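With this note's numbering applied, the sequence shown corresponds to residues 2 to 362, in that order.
What follows is a single structure, written as structure tokens, with notes after it.
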Amino acid sequence: MWEASPMQKAGASTGWYASSASSASISSTRASTLINEGEYTKGGDWLSYVEERFGGFEPRPPALGAVPLIAQGKDREAFADFYKYASEKGTLFYAPGEQIKRVRPIWVCTAPITYTGQASLEREIAELKRHVPVEDAFLTSTAPASLEVYRRNEYYKTEEEFVFAIAEAMRVEFEAIVRSGVVLQIDDAWLVALWDRIGIQMGMAAFRKRTQVRIEALNHALRNVPEDRVRYHLCWGSWHGPHAFDIELKEVVDLMLQVKAQAYLIEGANARHEHEYAVWDSVRLPEGKLLIPGVVTHSTDVIEHPEVVAQRIQRFAGRVGKENVIAGCDCGFGGRSHPQIAWAKLKALSDGAALASKALF
């Protein structure tokens, strides 16, 4: 017999479920049911916030002439003129007229990895709770696979040991968030975004094997956390570019579903991935699991009509069950959309969810 989980119960008061990962002020998000603090407490960066929370690493400047990973890949090669223009004009993310000036250091592991961010995490949780009832809140953290990207290992014997050491350190953060009563959301954009950078050269079998190890590392970090307190966000990176070489969901959906989470967040509203609702014609969402597809997107400033949002919701509901769908965003809006656009999209999300609720319930 199906029983509502804590995440579902939190959304039950509005019939449909609207999930907000906006970087806007949470105090005004009245129509959304499950919200977070917009990553303000992380400085708006889902990767660099951990720099002060890890021991065992030392920062080093990139080698002279080295091309950062985000500036590599098949998409960059095929659309080189576009990327040169967009990088110069600052339009890959929401920074019009600005160039990307900050160069990330390479964090080199030279000692056992430890978690030292307890005080920062406590402040983060307290700030969220100050604004949002705990039963309505989620807090984001980052998967080991994505944290590995800007890091190099000079301490552990193997790459696998290194990834599992990152996972063991992040276990402290994951467990603390859940102990606080807040739902944990794990963001993992780099897991599949690396297909464009390294996967195409490796081939599908080798890339899937590599991905499998990272999924196992994440599950190692989640071993003490109840699944119904975890959401897992998989995306293809959120820069404003062609994304013509994104790996297809059908190639990795089985790996995603291995993550010990109750809810899975995927892109479903942008032009590259909207068609992938059809994946669920042949893939069964496991019993007791939830799907949180994006039904509004950061990838365009065009505001989705509520009817479009409702249609997208109903497509997923018809495939995995209406009680198993939470309406969400493709990715966070902060750093990708003007706040006025983000708020309008969140309203469209809420209005479209209400239409879908009326049609389905």
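No residue lacks a Cβ here, since even glycine has one placed at the ideal position from N, Cα and C.
Note that the structure is predicted; figures quoted are calculated from it, not measured.
Residue nearest to Ser300 within the set Lys290, Phe317, Arg273 is Arg273 (criterion: CA-CA distance). Under the 10 Å beta carbon count, Asn225 is surrounded by fewer than 16 other beta carbons and is classified as exposed. Taking C-beta atoms as the reference points, Thr212 and Leu235 fail to come closer than 8 Å. The region 217-258 contains, as complete alpha helix (DSSP H) runs of 4+ residues, the segments 254-257 (chain order).
For Trp344, the uninterrupted alpha helix (DSSP H) run begins and ends at 340-361, by DSSP. The beta carbon of Tyr84 sits closer than 6 Å to those of Arg77, all from its chain and outside the five residues before and after it, given in chain order. Here Ser338 is buried. Its C-beta has 16 or more other C-beta atoms within 10 Å.
Per DSSP, Trp47 has no beta-bridge partner at all.
In this structure, the straight-line span from the alpha carbon of Glu169 to that of Ala222 is close to 5 Å. Here the alpha carbons of Phe208 and Tyr116 stand approximately 29 Å from one another.
The beta carbon of Lys43 is closer than 6 Å to those of Tyr50 in its chain, skipping five residues each way along the sequence.
Counting along the chain, the unbroken beta strand (DSSP E) around Gln186 starts and ends at 184-188. In this structure, Ser121 places its C-beta atom within 8 Å of the C-beta atom of Arg54.
Uninterrupted alpha helix (DSSP H) stretches at least 4 residues long and entirely within the region 58-108 occur at 75-79, 81-90, given in chain order. Assignment of Ile327 by DSSP, reduced to helix, strand and coil, places it in the coil class. DSSP places Arg153 in no alpha helix (DSSP H) but in the uninterrupted beta strand (DSSP E) bounded by 152-154.
DSSP places Val297 inside the beta strand (DSSP E), whose first and last residues are 291-297. By the criterion of a C-beta distance shorter than 7 Å, Pro145 is surrounded in its chain by Val164, Ile167, Ala168, Met171, Arg215, Ala218, Leu219, Ala222, once the five residues flanking it on both sides are discounted.
Non-local C-beta neighbours of Asn271 in its own chain, meaning closer than 6 Å and more than five positions away in sequence, comprise Thr298, Ser300, Asp331, ordered along the chain.
Non-local beta-carbon contacts of Ile178 in its own chain, meaning distances under 6 Å to residues more than five positions away in sequence, involve Leu140, Leu185 in chain order. A direct Cα-Cα distance of roughly 33 Å separates Ala190 from Lys359. Using a Cβ distance threshold of 8 Å, Val109 and Phe58 count as a contacting pair.
Contact annotation: Ile36 and Val133 have beta-carbon atoms nearer than 8 Å. Contact annotation: the region 310-329 touches the region 280-294, with at least three C-beta pairs closer than 8 Å.
Under the DSSP assignment, Ser181 falls outside any beta strand (DSSP E); it carries neither an H nor an E label. Counting C-beta atoms within 10 angstroms of its own C-beta, Gln202 has fewer than 16 neighbours from the protein chains shown and is therefore classed as exposed. Beta-bridge annotation (DSSP): Ser142 is paired with Ile187. Counting C-beta atoms within 10 angstroms of its own C-beta, Leu350 has 16 or more neighbours from the protein chains shown and is therefore classed as buried. According to the DSSP assignment, Leu266 belongs to no alpha helix (DSSP H) but to the beta strand (DSSP E) extending over 264-267.
Of the residues Ala245, Ala279, Leu65, the one whose Cα lies closest to the Cα of Lys251 is Ala279. By DSSP's assignment, Phe55 forms a beta bridge with Tyr116. With a cutoff of 8 Å on beta-carbon distance, Leu93 and Trp240 are scored as near each other.
Under DSSP, Cys110 forms a beta bridge with Phe58, Asn154.
The C-beta distance from Thr34 to Asp137 rounds to 7 Å, short enough to fall under 8 Å. Take Val183, set aside five residues on each side of it, and the residues of its chain with a beta-carbon closer than 7 Å to its own are Ile126, Leu129, Val135, Ala138, Phe139, Leu140, in chain order.
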